[in-house]
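Chemist: Count along the sequence shown from 1, then add 5; that gives the number in my numbering.
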Amino acid sequence: MVETENKNAHELDLIVGDNVYLSREPVGQGRKFQHIYDGPFTVTCLPSAHLVLLRDPTGKRNFRRPVHINRLKLAHIRAPLPAPYFNLQTVESENSSHNSDNSSSSVDRDNSETSKYVSKVSTESEAMDTDVVSQHDTSTTNLNRPRRNIQKPVRYRDDNFIDPDKIVESCDTDNQLKVKRILAKRKDGSNFVYLIQKVEEPAQNAIWVPLSKLPPKAQTLLLSRPPPLIQ
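1) Within a Cβ cutoff of 8 Å, which residues of the same chain sit near Arg191, ignoring the five residues on either side of it in sequence?
2) Quick check on this structure: which residue in His55, Ile41, Arg29 has the alpha carbon closest to the alpha carbon of Asp18?
3) Taking the C-alpha atoms as reference points, what is the distance between Val32 and Ile41?
4) If you reduce the DSSP assignment to three classes, tell me which class Asp177 lands in.
5) Between Arg29, Ile155, Arg153, Pro215, which lies nearest to His73 when the distance is taken from Cα to Cα?
6) If you reduce the DSSP assignment to three classes, tell me which class Gln202 lands in.
7) In whole angstroms, what separates the C-alpha of Val25 from that of Pro52?
8) State the start and end residues of the unbroken beta strand (DSSP E) segment that holds Lys190.
9) Looking at the structure shown, is Ile235 part of a helix, part of a strand, or coil, going by DSSP?
10) Taking 8 Å as the cut-off, decide whether the C-beta atoms of Asp43 and Leu79 are in contact.
11) Buried or exposed: Leu77, going by 16 or more other Cβ atoms within 10 Å of its Cβ?
12) Less than 8 Å separating the beta-carbons of Pro62 and Thr49?
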């Protein structure tokens, strides 16, 4: 069985100086199916057909014993300064010499034509500049710039919403009673009286007031947010 496996195995053809990756030895109970490699390392010696002696270029690891070739994988590393594949300098020199001869004869002809052409282009360019400036001014005026649409919270979008802080603290000029908060209500005969905290006074100084003495804005607050009923 060993001989048949060795015949089917594709061994590496390594020489001294090749770069290879070294597979790690599995440690612990959890093992992965795919090998994990370290490296690259440089081949320094081939003691036998199946053993390879490695060297770490960084100097972090010291390989005292040779490694079996089955644990290695060839590392393809690009050379830092590869040689040019084509001799481009000779081709460029021939083309430059041929072009210099042709250009010397055509320069004299082009000089007379360019002088006439430049005068025409200068007049046309001035006319184009004026048109471009006028178009740029019109485009800047019609430019749509982005604007941020800031929306208020949902409760402030309703026109009928009444802010309790503003309503309670503000009152009519005719009434002297300034209500800060309505704390509770209780039954007084056939009507209700309300426990009211005045503005700039603590809650301990709250007084009981009938509905008729409350300002109009405090009465509307009772409809939207009635206070708790106590005995």
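For each residue, glycine too, the CB sits at the ideal point set by N, CA and C. Nothing here was measured: the structure is a model prediction, and the numbers come from that model.
Modeler: In short:
1) Phe197, Val198, Leu200, Trp213, Leu234, Ile235, Gln236
2) His55
3) 12 Å
4) Caution applies to Asp177, whose pLDDT of 44 falls short of 50 and renders its modelled position unreliable; the model cannot decide the point.
5) Arg29
6) strand
7) 16 Å
8) 184 to 193
9) coil
10) no
11) buried
12) no
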